[in-house]
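Taking full-length UniProt numbering, I'd label the letters of the sequence shown as residues 1 to 153.
Where is the CB? At the ideal position from N, CA and C, for every residue including glycine.
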Amino acid sequence: MLIAYLRQFDSKVSENKNESRPYVGIVLQIENIKYYAPFSSPKPKHRNMKNGKDFRKINNGIYGAINFNNMIPVLDSVLMEIDIINIPDVKYRRLLQNQYNYIKADREGILRIARNLRKLIFEDEKNLSEYEKIVKKRCCDLPLLESKYLDFK
């Protein structure tokens, strides 16, 4: 699995620990590289959290959030489309449909956040504010992961 492979190089790559559900997120293309940013299920804390350079609430946290800090490069060969209609758990199916509709409506804004975060991660630390340095430390090491992900077989 690509996730396990990339975790060898960067422990910030998030795992799908219990693997009882699909590893759901959004796939975005930036500079000829596809990136996967995972969703987080809705949690009470999301309601109080603010959107930031590496975090975006989905419908004010009602439908969860996008964890851009865990964004990783991906290959087409590891991606699977989820057939939402055939998910037996009605509550989970409804959540995925709501996430999908929200993401579709805000795709450009989401892509802008991902592009800006990638740029920040690649930026030399001396050019970053203290806040940006903190954000960068929370994120996956995209320069390293980009140099490794194509070797995954």
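Thinking C-beta only, is residue j closer than 9 angstroms to residue i?
| i | j | result |
| --- | --- | --- |
| I66 | S40 | yes |
| L128 | L120 | yes |
| I72 | L142 | yes |
| R138 | N48 | no |
| A114 | Y35 | yes |
| E123 | E130 | no |
| V74 | M1 | no |
| C140 | V24 | no |
In the DSSP assignment, what are the bridge partners of residue i?
| i | result |
| --- | --- |
| S40 | A65 |
| P88 | Per DSSP, none; premise fails for P88. |
| I72 | Y36 |
| V27 | Y36 |
| R56 | I66 |
Applying the 10 Å Cβ sphere with the 16-neighbour rule, what's the burial state of residue i?
| i | result |
| --- | --- |
| V90 | exposed |
| R107 | exposed |
| P44 | exposed |
| R94 | exposed |
| I103 | buried |
| L6 | buried |
| P38 | buried |
| G61 | buried |
| D151 | exposed |
| G64 | buried |
| G109 | exposed |
| K53 | buried |
| P88 | exposed |
| K153 | exposed |
| I85 | exposed |
Review point. Between the segment 145 to 153 and the segment 98 to 106, do at least 3 Cβ pairs fall closer than 8 angstroms?
Key: No contact exists between the segment 145 to 153 and the segment 98 to 106.
Exercise for review: May I have a chain-ordered list of the alpha helix (DSSP H) segments no shorter than 4 residues that lie completely inside the segment 79 to 140?
Suggested key: Entirely contained in the segment 79 to 140, the alpha helix (DSSP H) runs reaching 4 residues are, in chain order, 90 to 105, 107 to 122, 130 to 138.
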